[in-house]
Amino acid sequence: MKLILTADVDNLGAPGDLVEVKDGYGRNYLLPRGLAIVATRGAQKQVEGIRRAQDARKVRDLDHANELKQAIEGLDSVSLAVKTADSGKLFGSVTTADVAAAIKAAGGPVVDKRSIELPKSHIKATGKHGIVVHLHPDVAAKFNLEVAAN
């Protein structure tokens with residue numbers, strides 16, 4: 005079965021790759037989870053859109069990574085409003101996707117959520133938290149995230 009990947013799949017490929025997999029794996033795992041689409045002529049056009057979106061998020065080189073680092077560290081305040089209980093604990097937790105959206109909302113660049121490192125696996129309390137964004141193997145941006153009650 006020929007499929008076009010729409011997401012990163014371990015040991016198979018990156019978004020936009022045309023792969024040949026066994027019918028059961030494609031039909032029972034990749035397609036229901038939205039990790040791939042069936043390879044057709046129309047789907048080839050979608051691949052171009054996927055690749056363009058992926059290139060927009062990708063850090064091109066060391067100079068570009070340094071520019072992104074300066075943009076992230078130059079942000080005045082990155083804050084995120086979340087629902088909390090009376091004690092200050094969150095309903096749920098703050099994830100890397102939430103942090104990436106907060107950076108973009110604060111006027112920063114678009115950052116891939118997989119490059120964000122939280123202090124612990126998830127943030128579960130209000131206050132200031134130190135966040136690290138790995139933009140390049142040699143470049144990491146650090147900033148404080150203010151988690152406030154909504």
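Here my numbering runs 4 ahead of the position in the sequence shown, where the first position is 1. All C-beta atoms in this analysis are idealised placements derived from N, C-alpha and C, irrespective of residue type, glycine included. Given the structure is predicted, the values throughout are model-derived calculations rather than measurements.
Please give me, in chain order, every unbroken run of the beta strand (DSSP E) with length at least 3 that falls completely inside the stretch 32–94.
40–42, 82–86
Rounded to a whole number of angstroms, what is the C-alpha to C-alpha distance between Gly20 and Ala89?
42 angstroms
Candidates Leu66, Ile135, Gly134, Pro36: which alpha carbon is nearest Pro141's?
Leu66
Of the listed residues Gly38, Ala43, Gln50, Ala11, nearest to Glu24 (C-alpha basis):
Closest by alpha carbon: Ala43.
Measure the Cβ-Cβ separation of Leu84 and Ala152 and say whether it is below 9 angstroms.
yes
With Leu115 as the anchor, note down where its beta strand (DSSP E) starts and where it stops.
Residue identity differs from the one stated: residue 115 is Val in this sequence, not Leu. It is not in any beta strand (DSSP E) - Val115 carries neither H nor E in the DSSP assignment.
For the alpha helix (DSSP H) that contains Lys108, what are its first and last residues?
100–109
Looking at the structure shown, is Ser125 part of a helix, part of a strand, or coil, going by DSSP?
Correct three-state label for Ser125: coil.
When Lys124, Val115, Gly92, Ala11 are compared against Ile41, the one with the closest alpha-carbon
Ala11
Through-space distance from Ile107 to Asn154, alpha-carbon basis:
So the alpha carbons of these two residues sit roughly 18 angstroms apart.
Does the Cβ of Leu66 lie closer than 8 angstroms to at least one heavy atom of the ligand ZN?
This structure simply doesn't include the ligand ZN, nor any ligand for that matter.
Proximity of Lys146 and Gly134 at Cβ, strictly below 9 angstroms:
The beta carbons of Lys146 and Gly134 sit closer together than 9 angstroms.
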